[in-house]
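**Student:** The numbering of the sequence shown is UniProt numbering, which starts it at 1 and goes up by one.
We treat Cβ as the ideally placed atom computed from N, Cα and C, and that holds for glycine.
Just so you know, these numbers come straight off a predicted model, no measurement behind them.
Here it is, the structure, as structure tokens.
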Amino acid sequence: MYGAILGDIIGSPFEFDRGDKTKNFNLFSEGCGFTDDSVMTIAVGEALLAVGPEAAVKEIEDAVASNMQDWGKRYPHAGYGGSFRHWLKENNPMPYGSYGNGSAMRVSAAGWLYDSIERTREVARATANVTHNHPEGIKGAEATASAIYMARNGSSKEEIKEYIESEFHYDLSRTLDNIRPYYHHVESCQETVPEAIIAFLESKDFEDAVRNAVSLGGDTDTLGAITGSIAEAFYGIPAVLIAECKSRIDKGLMTDVLDEFDHVLGSRSVDTYSDEVDETQANQMIEAAIDKYY
């Protein structure tokens, strides 16, 4: 989930077309901070951990809805859209037919926790269905989780591209250079998820993928979150960026969920993740990030 959260943080200052549609920007610039994308990513991840890998669809839906409302109350000013903000306050929350990109930006945990792409897609549908039950909202979540699942299991970019195109009928033949001139702030899955996947497909590493996403303009925090979630699964993330991420989210409340998520997934390479990095090393990494990314 670090990839989604880093993409959100890095993209946050440029949302609503406030950037210059360039890849040349300070990775952690003034105004960087987590938004609703990170809050709901963590909420969904915690819910999926709680119910376990064999949970029925209804159990998943109930847990996700309850957890998102709980986290929404903890972070009531994280930047939620109007309909979702009202949903967070409902006593009996019901899906409202949304095809917004929120279903895709929060789904990354589903791409990591399951042993088949069929189960991954089933769980992704469940996480979307509690709010974004429009076919496009569900498709966006499924496509994102599928790309993550394939990336973490060794599929090539071409294999990922072919699967997403054949299963979800997104046009991934375009290039970022084609998209940039006309792209603008839009919050639908159908005009965010394919662009985010293209940003990943054209990348050379995790950082480059997020820069690609932000360079499109528009809903940059969500583009960054979706692209970053796929790029993490394909490339991994440098430990210095993990340390920077942890320094920018709430220690304890948020980091505990991420630590548990990593524990469930098993041990990871210290070159890629910073689970085994002590506080002194983390501080050194943050100083290195300041030198490199600011």
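#1: First and last residue of the alpha helix (DSSP H) that includes residue 297?
#2: Could you compute how far the alpha carbon of S173 sits from the alpha carbon of A104?
#3: For F234, I'd like the list of residues in its chain whose CB is within less than 6 Å of its CB, leaving aside the five on either flank, ordered along the chain.
#4: In the DSSP assignment, what residue or residues form a beta bridge with E100?
#5: Which residue's Cα is closest to the Cα of D20: Y75, E195, N212, S229?
#6: May I ask you to report which of helix, strand or coil DSSP gives R268?
#7: Considering only residues of the same chain and omitting the five flanking positions on each side of A147, which have a CB-CB separation below 7 Å?
#8: With burial defined as no fewer than 16 other Cβ atoms inside 10 Å of the residue's Cβ, what is the status of F16: buried or exposed?
#9: Which complete alpha helix (DSSP H) runs does the region 93 to 148 hold, if anything under 4 residues is left out?
#10: Between the region 35 to 46 and the region 55 to 73, can you find at least three pairs of beta-carbon atoms closer than 8 Å?
#11: Taking only three categories from DSSP, how would you classify M150?
#12: Quick one: does F14 have its CB under 8 Å from some CB of chain D?
#13: Can you check which of these residues, A110, E187, P95, is closest to residue 326 by C-alpha distance?
#14: Spatial neighbours of S267 within its chain, please: C-beta separation below 7 Å, excluding the five flanking residues on both sides.
#15: If you run the structure through DSSP and keep just helix, strand and coil, what is P194?
#16: For P238, count the other beta carbons within 10 Å of its own beta carbon; 16 or more makes it buried, fewer makes it exposed. Which is it?
#17: The alpha helix (DSSP H) that contains K161, what's its start and end?
#18: Thinking C-alpha only, which one of S108, G154, E136, L253 is nearest V123?
#19: Going by alpha carbons, who is nearest to G81 out of D37, C245, E142?
#20: Taking all protein chains shown into account, decide if G31 is buried (16 or more other Cβ within 10 angstroms of its Cβ) or exposed.
#21: Please identify the residue among E260, I5, P95, F200 whose C-alpha is closest to the C-alpha of E158.
#22: If I measure Cβ to Cβ from E232 and keep anything under 7 Å in the same chain, skipping five residues before and after, which residues do I get?
#23: Please report the distance separating the alpha-carbon of S12 from that of E162.
#24: May I ask you to report which of helix, strand or coil DSSP gives H263?
#25: So, does the region 241 to 250 touch the region 214 to 231, judging by three or more C-beta pairs under 8 Å?
#26: Quick check: T131 and Y96, are their CB atoms within less than 8 Å of each other?
#27: What would DSSP say about R211, mapped onto helix, strand or coil?
**Tutor:** Reading it off the structure:
#1: A query on residue 297 cannot be resolved here, the shown segment of the chain reaching from 1 to 294 and no further.
#2: Along the sequence shown, read from residue 1 onward, the residue named residue 173 stands at position 173. Along the sequence shown, read from residue 1 onward, the residue named residue 104 stands at position 104. The straight-line gap from Cα to Cα measures roughly 20 Å.
#3: In the sequence shown, the residue the question calls residue 234 occupies position 234. The answer, listed in chain order, is A151.
#4: Numbered from its first residue, the sequence shown carries residue 100 at position 100. Per the sequence shown, residue 100 should be read as Gly rather than Glu. BP columns for G100 point to S188.
#5: Working through the sequence shown from its first residue, we reach residue 20 at position 20. The shortest Cα separation from D20 among Y75, E195, N212, S229 belongs to N212.
#6: Locating residue 268 in the sequence shown gives position 268, where the first residue counts as 1. With a pLDDT of only 39 at R268, under the threshold of 50, the placement of this residue in the model should not be trusted; the figure read from the coordinates follows. It is coil, neither helix nor strand.
#7: In the sequence shown, the residue the question calls residue 147 occupies position 147. Cβ neighbours of A147 beyond the five flanking positions: I160, I164, I197, I230.
#8: Walking along the sequence shown from the start, residue 16 turns up at place 16. With fewer than 16 Cβ atoms within 10 Å of its Cβ, F16 is classed as exposed.
#9: 102 to 105, 117 to 129
#10: yes
#11: In the sequence shown, counting from the first residue as 1, residue 150 sits at position 150. M150: helix per DSSP, three-state reduction.
#12: Included in the structure is just one protein chain, with no chain D present.
#13: No answer is possible for residue 326: the residues shown for the chain start at 1 and end at 294.
#14: As a working note, residue 267 is residue 267 in the sequence shown. For S267, the predicted model reports a pLDDT of 39, less than 50, meaning its position is unreliable and no value from the coordinates is stated.
#15: If you number the sequence shown from 1, residue 194 lands on position 194. P194 falls in the helix class under three-state DSSP.
#16: For this step, residue 238 is matched to residue 238 along the sequence shown. Looking at its Cβ environment, which holds 16 or more other Cβ atoms inside 10 Å, P238 is buried.
#17: Taking the first residue of the sequence shown as 1, we reach residue 161 at position 161. Looking at the DSSP string, the run of the alpha helix (DSSP H) that includes K161 is 157 to 168.
#18: Translated into positions along the sequence shown, residue 123 becomes position 123. Closest option to V123, Cα to Cα, is S108.
#19: To locate residue 81, count along the sequence shown from 1; it is residue 81. Selected option, being the one with the closest Cα: D37.
#20: Here residue 31 corresponds to residue number 31 of the sequence shown, with the count starting at 1. Exposed.
#21: The residue you call residue 158 lines up with position 158 of the sequence shown. For the residues E260, I5, P95, F200, the minimum Cα distance to E158 belongs to F200.
#22: As a working note, residue 232 is residue 232 in the sequence shown. Cβ within range, chain order: Y2, G3, F206.
#23: As a first step, residue 12 is located in the sequence shown; it is residue number 12 there, counting from the start. As a first step, residue 162 is located in the sequence shown; it is residue number 162 there, counting from the start. For S12 and E162, the distance between alpha carbons rounds to 30 Å.
#24: Numbered from 1 along the sequence shown, position 263 holds the residue referred to as residue 263. Of the three classes helix, strand and coil, the one that applies to H263 here is helix, per DSSP.
#25: no
#26: Taking the first residue of the sequence shown as position 1, residue 131 is located at position 131. Taking the first residue of the sequence shown as position 1, residue 96 is located at position 96. Yes, the pair counts as a contact, with Cβ atoms nearer than the cut-off.
#27: As a working note, residue 211 is residue 211 in the sequence shown. Helix at R211.
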